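Protein chains in written order, with this note's numbering: chain A, 5 to 311; chain B, 466 to 762.
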C-alpha cells in the first residue's frame, strides 16, 4: 500500500512537469501579450516592464527560470495584480475554493446517497422513479442555469437568501447547493446501480436468513458493496468540482481560485495563469490519489491489484 | 409458388439491430425523446428561415425602439434589450449548439475509436503505454486547457470543435479498447488473420464495425456532454461571437438581466435543458436496447 502511494506520487512529477511545459509554451506562443493595451505604451516603458518581468530573456531561459522558481515555491510576480506575488494570491484564494468544494461534495453525498439507497430498495416503484427523475434533472440542468434560477426564486422573489457573497453562512447555501446538485444526481444514480447489483448476491440472502432487520441488511451489508462505484467516482468528481467552481464563483461573485484563473486567462496574466493551472492540476492529482486510497481501504479486490 | 410458401412459414431470424429497435420502441420515454429531438432539429434548422420569410426579420435584426419586451403574439419568446426577437435567436442559437454538439462528438468519436481499437488490437506493451496515457489525461482538469486555448487563440468555432473533441475522446477509447480485446480472440478475426489481411484492414474493416453498438450508445451520451461544455464555455464568454449566438451565450445574456426580463433566461434554458433531457433519455434507452446486460451506470 505504502509502495503504491509512493509510486503514484512519483508519477506526479513528470505529469506536473508536462503541465507546466504545455501551459508555458501555449501561453507564450499565443498572439498578444499582457501589455497589449488600448493605449500605446511608450517603447521605453515597455522595455522596462519586460525587463522587470524577465520577458526580455530568451524563451528557454525564461522557462528554466520559471521551473527553478516553481521548485522553491516562487511562482513569480503577477502581471496584472502586482500588489501580491502569484503564490500569495493563491494562498489567499485557494481556501475559499476548497471550502466551496467541500460543502458542495458534502451536500452531494447527503442528498445523493439516501436518494440512491431509497431508489434501490424498491426498484421500479414510485420510490425509485421520483428520486431518479430528480437525478436526471440534476444532470440535464447545468449549474449555470440552476444557480441563476435559484437566485431568482429564493433571493429576488422570496427574499430568503442573499444574492451574492461569501461571508455569512446564509450566503454560502446557494452556491454550495448549486455546485453540488450535479454530483448529488450522479451519486444517486451510481448508488442505485451499485446497490441493485449487490442486493442480488448470496451474502445478502445469508444476512437476511440470519434474521437481520431489513435496515441492517441494507445499511450494514448492502451499502458497503453498493458504495464502491460512488467511491470510484469521487476522483473524477473532484476535477469536475474545481472546474464547476469557475462558473459558480462567477455567478455568486465568490473570491476563489476558479475566478482568479478565468480572470487571469482573460487578462493574459502569464504567471497567474501558470500558477493557478499548476495548483489546480496538483490538487486534482492529489485528490484522485486520495480517492484511490479510499477505494483500496474499502475494497479488498482493489487492494490486491495494487500489490 | 411452393417455395414462397415455404419461406413464409420458415422461422425468420431477427438481426441484432431489429431486436434493438423493437426494444427501443417499447421504451416510451426514449421514443418521446426521439420525437422531441426531431422537433428540435427541424425547428432550429428551418425555423429561422420560416420566420424570416413570413415575419421578415432575422436573429440579428434589431428594433431598438421596442427594446426588451415580454412574450407577446408577435414575439412569442419576447425580445432582448436591442429588440431582437428571442424566438429567432433561440432557434438560431440552437443551430450552433447542435452543430457543436454533433461535430465535436464526431471528432471525439474518430479519435477515441481509432485510439482504443489500436491499443486493444495490438495489446501487450503498446496497449499498456497507450492506456496509461489515457489514465493520466483522465486525471487532468482538461477544461482548464480548453479555456486557455479559447482565450489565447481567439473564439474560433473550428478551434471549439477541436478543443472539445480533444477532451471527450478518453472514455470512448476505453470502451472501444475493452470491446476490441474481447473481439480479438474470436474465430472470425482469426480467419481474417489466416487470410493474411494486413493489420489496418483487420482493425478498420472487421473489428471496428463490430464495436458499433456500444459506440452508438456512448456517442448519444457524449452529445449532451459536449453541448454542456459548449454552453459552459459560452457562458464564460468563450463560445461563438456576437451577433451569432448559442444557447449558452443566450443564457449568459439572460442571467445578466434576469430580474427585469426573466424570459431572456427562461426560454434558452428550457431549450438547452429540454434537449439535454431528450438526449440523455435516448442514450439510456439505446443502452438498454443495444446492450441489455450493461447496468444503468
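Where a beta carbon is used, it is the ideal one built from N, C-alpha and C, also for glycine. Keep in mind the model is a prediction, meaning the values are calculated, not measured.
Which of the three DSSP states, helix, strand or coil, is assigned to residue i?
i	result
residue 233 (chain A)	helix
residue 508 (chain B)	helix
residue 753 (chain B)	helix
residue 689 (chain B)	helix
residue 550 (chain B)	strand
residue 81 (chain A)	strand
residue 89 (chain A)	strand
residue 129 (chain A)	coil
residue 544 (chain B)	strand
residue 740 (chain B)	helix
residue 705 (chain B)	coil
residue 618 (chain B)	coil
residue 573 (chain B)	helix
residue 259 (chain A)	coil
residue 272 (chain A)	coil
residue 467 (chain B)	Residue placement at residue 467 (chain B) cannot be trusted, given a pLDDT of 49 that sits under 50; what the coordinates show is reported in the next sentence. Here residue 467 (chain B) sits in helix by DSSP.
residue 110 (chain A)	helix
residue 415 (chain B)	An answer regarding residue 415 (chain B) cannot be provided, because it is not within the stretch 466 to 762 covered by chain B.
residue 726 (chain B)	coil
residue 326 (chain A)	Not covered by the structure: residue 326 (chain A). The range shown for chain A is 5 to 311.
residue 761 (chain B)	Low per-residue confidence applies at residue 761 (chain B): pLDDT is 43, beneath 50, and the placement is therefore not dependable, though the value from the model is reported in the following sentence. The answer is coil: DSSP assigns residue 761 (chain B) none of H, G, I, E or B.
residue 711 (chain B)	coil
residue 34 (chain A)	coil
residue 50 (chain A)	helix
residue 719 (chain B)	helix
residue 216 (chain A)	coil
residue 303 (chain A)	coil
residue 71 (chain A)	helix
residue 536 (chain B)	coil
residue 205 (chain A)	coil
residue 733 (chain B)	helix
residue 605 (chain B)	coil
residue 76 (chain A)	coil
Does the separation of the CB atoms of residue i and residue j fall below 8 Å?
i	j	result
residue 739 (chain B)	residue 501 (chain B)	yes
residue 132 (chain A)	residue 232 (chain A)	no
residue 97 (chain A)	residue 246 (chain A)	no
residue 285 (chain A)	residue 26 (chain A)	no
residue 147 (chain A)	residue 252 (chain A)	yes
residue 748 (chain B)	residue 677 (chain B)	no
residue 192 (chain A)	residue 105 (chain A)	no
residue 183 (chain A)	residue 108 (chain A)	yes
residue 634 (chain B)	residue 594 (chain B)	no
residue 649 (chain B)	residue 599 (chain B)	no
residue 159 (chain A)	residue 249 (chain A)	no
Whole-angstrom Cβ separation of residue i and residue j, contact assumed at under 8 Å?
i	j	result
residue 95 (chain A)	residue 276 (chain A)	About 13 Å separates the two Cβ atoms, so there is no contact after all.
residue 295 (chain A)	residue 239 (chain A)	4 Å
residue 692 (chain B)	residue 152 (chain A)	Not a contact, Cβ separation roughly 18 Å.
residue 28 (chain A)	residue 289 (chain A)	That pair is no contact at about 18 Å.
residue 114 (chain A)	residue 741 (chain B)	About 25 Å separates the two Cβ atoms, so there is no contact after all.
residue 558 (chain B)	residue 727 (chain B)	Contact flag wrong, Cβ pair sits at about 18 Å.
residue 668 (chain B)	residue 542 (chain B)	49 Å between Cβ atoms; not a contact.
residue 679 (chain B)	residue 744 (chain B)	Going by Cβ atoms, the distance from residue 679 (chain B) to residue 744 (chain B) rounds to 17 Å, so no, they are not a contact pair.
residue 195 (chain A)	residue 124 (chain A)	7 Å
residue 632 (chain B)	residue 611 (chain B)	6 Å
residue 494 (chain B)	residue 750 (chain B)	7 Å
Check the Cβ-Cβ distances between residue i and every residue of chain B, and say whether any is below 8 Å.
i	result
residue 160 (chain A)	yes
residue 270 (chain A)	yes
residue 247 (chain A)	yes
residue 27 (chain A)	yes
residue 146 (chain A)	yes
residue 283 (chain A)	no
residue 62 (chain A)	no
Quick check: is the beta carbon of residue i nearer than 8 Å to any beta carbon in chain A?
i	result
residue 747 (chain B)	no
residue 495 (chain B)	no
residue 584 (chain B)	no
residue 701 (chain B)	yes
residue 729 (chain B)	no
residue 485 (chain B)	no
residue 738 (chain B)	yes
residue 617 (chain B)	yes
residue 596 (chain B)	no
residue 725 (chain B)	no
residue 516 (chain B)	no
Determine, using beta carbons only, whether residue i comes closer than 8 Å to chain D.
i	result
residue 606 (chain B)	The structure shown contains no chain D; its protein chains are A and B.
Report the start-end ranges of each alpha helix (DSSP H) in the region 133-201 of chain A that is 4 residues or longer and not cut off at the edges. DSSP runs (the alpha helix (DSSP H)) wholly in the region 133-201 of chain A: 147-154.
Contained alpha helix (DSSP H) runs [length at least 4] in the region 637-695 of chain B, N- to C-terminal order: As summarised for the region 637-695 of chain B, the continuous alpha helix (DSSP H) elements at least 4 residues long and confined to that stretch are 652-659, given in chain order.
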